[in-house]
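Notes for the one structure printed next.
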Amino acid sequence: MHTEYFIVDKENPDKAVLSKAAELLKQGKLVAFPTETVYGLGANGLDEKAAAGIFSAKGRPSDNPLILHIANREDVDQLAAHISTNAKVLMEAFWPGPLTVVLRRKAIVPDIITGGLETVAIRLPDSIVARQLISLADTPIAAPSANTSGRPSPTSAQAVLDDLEGKIHAVVDAGNCQIGVESTVVDCTTPVPTLLRPGGITLEMLMATVGEVEIDPTLAGSFELAPKSPGMKYSHYAPDAPMVLFEGAYPHLADLLLQEINTALAEGKKVGAVVSTETAARLPKEVVAFVYGSRKRIDEIAANLYKALRSYDDNPVDIIYTEGIPEDGLGLAIMNRLRKASGYRIVNG
């Protein structure tokens, strides 16, 4: 399969170019496109056969739900059987943006989208390119991250091609994604909104808007329940090499990380390290380092996270040591991704 490549401006996309990509979506084909979070792999969200192509291209388990992306706030009424007061408040506060709400679905939503559940996950993205593409396709677009299942999510068109070239029909390139981690997912079918996946809208922002917010037990690694949201059940975000995550108070965690690095180097291993600017200055020169940003700039770390994990594709190592950060604000989403990427191989300092 030939993968077509479309380039558009992030702020002022060429409608004629996007129309070509939208036409492919109308034909039931797969198109990767940018959002403010990560690149998504899009298909007609109301076409079961088209959506099935997403699972095939990604190697994605069929019980892992897909998010439906819409172009306008009013489009949610077509898909949701009931919109709770909390959902309305959250949508008013954070749409368009990196928030996905889980609602009771209408019959129009295919089972393949929901993983067989009676709920549907819906998002109105902030990306101008994404919204215009969805509008031109004239249908909700189902779109998980545009990567091979289990791999780090793509924040650039090149990262999409690295995984899916020849497996999808097209990619729309509008440069790097701004936020760098996926959307926050909130279940609004429960009496108290429940955080299913941390992301670009922080827990603190949610609580400031609706008050009490519960945290789903799957965020602590308990996977007994059927997932209501993408990213809850299966291994995600993993680089090719085994990864160990160091958590705890700084700079003590950096001391422990450096001890482990020196031990691994002494054993003749090729070592990678994903660390902050502050820790990078202390690394031995033999280490293949990716500096994800300053500990004072959590937004910078989020934007670089998946790029860091993918950097070892072209420069393989035997093991990767990674520096954790505090879990306040966007740090909760970052640590959620790092724990999954490490397979919960964690050293607590």
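Residue numbers (the working numbering): 90 to 438. Don't be surprised by glycine CBs; every beta carbon is placed ideally from N, CA and C. Just so we're clear, the structure is a prediction, and the values are computed from it rather than from any experiment.
{"Asked": "By Cβ distance, which residues of its chain are closer than 8 Å to L421, with the 5 residues on each side in sequence left out?", "Found": "P287, T291, L292"}
{"Asked": "What's the C-alpha gap between A315 and I201?", "Found": "Bear in mind that the predicted position of A315 carries a pLDDT of just 45, short of 50, making it unreliable; the figure below should be weighed with that in mind. Those two C-alpha atoms are separated by around 14 Å."}
{"Asked": "State the Cα-Cα distance for the pair A226 and V360, rounded to the nearest angstrom.", "Found": "46 Å"}
{"Asked": "Compute the distance between the beta-carbons of L135 and I143, then report whether it is under 8 Å.", "Found": "no"}
{"Asked": "Spatial neighbours of L347 within its chain, please: C-beta separation below 7 Å, excluding the five flanking residues on both sides.", "Found": "R371"}
{"Asked": "How is E93 classed by DSSP in three states: helix, strand or coil?", "Found": "strand"}
{"Asked": "Would you kindly work out how many angstroms separate the C-alpha atoms of H158 and T307, rounded to a whole number?", "Found": "24 Å"}
{"Asked": "Rounded to whole angstroms, what is the Cα-Cα separation between D103 and V275?", "Found": "33 Å"}
{"Asked": "Which residues mark the beginning and the end of the beta strand (DSSP E) in which L284 is found?", "Found": "283 to 286"}
{"Asked": "Ordered along the chain, which non-local residues of its own chain (more than five positions away) have a Cβ less than 6 Å from that of P199?", "Found": "E137"}
{"Asked": "Counting Cβ pairs closer than 8 Å, one from the region 383 to 392 and one from the region 264 to 280, do we hit at least three?", "Found": "yes"}
{"Asked": "Using 7 Å as the cut-off, classify the Cβ of P373 as near or not near the heavy atoms of the ligand SAH, replying yes or no.", "Found": "Ligands in the displayed structure: none, and consequently the ligand SAH is not present."}
{"Asked": "CA-CA distance, V97 and V106?", "Found": "7 Å"}
{"Asked": "Going by beta carbon distance, what residues of the same chain come within less than 6 Å of A263, once the five residues before and after it are set aside?", "Found": "V97, K99, P123, V218"}
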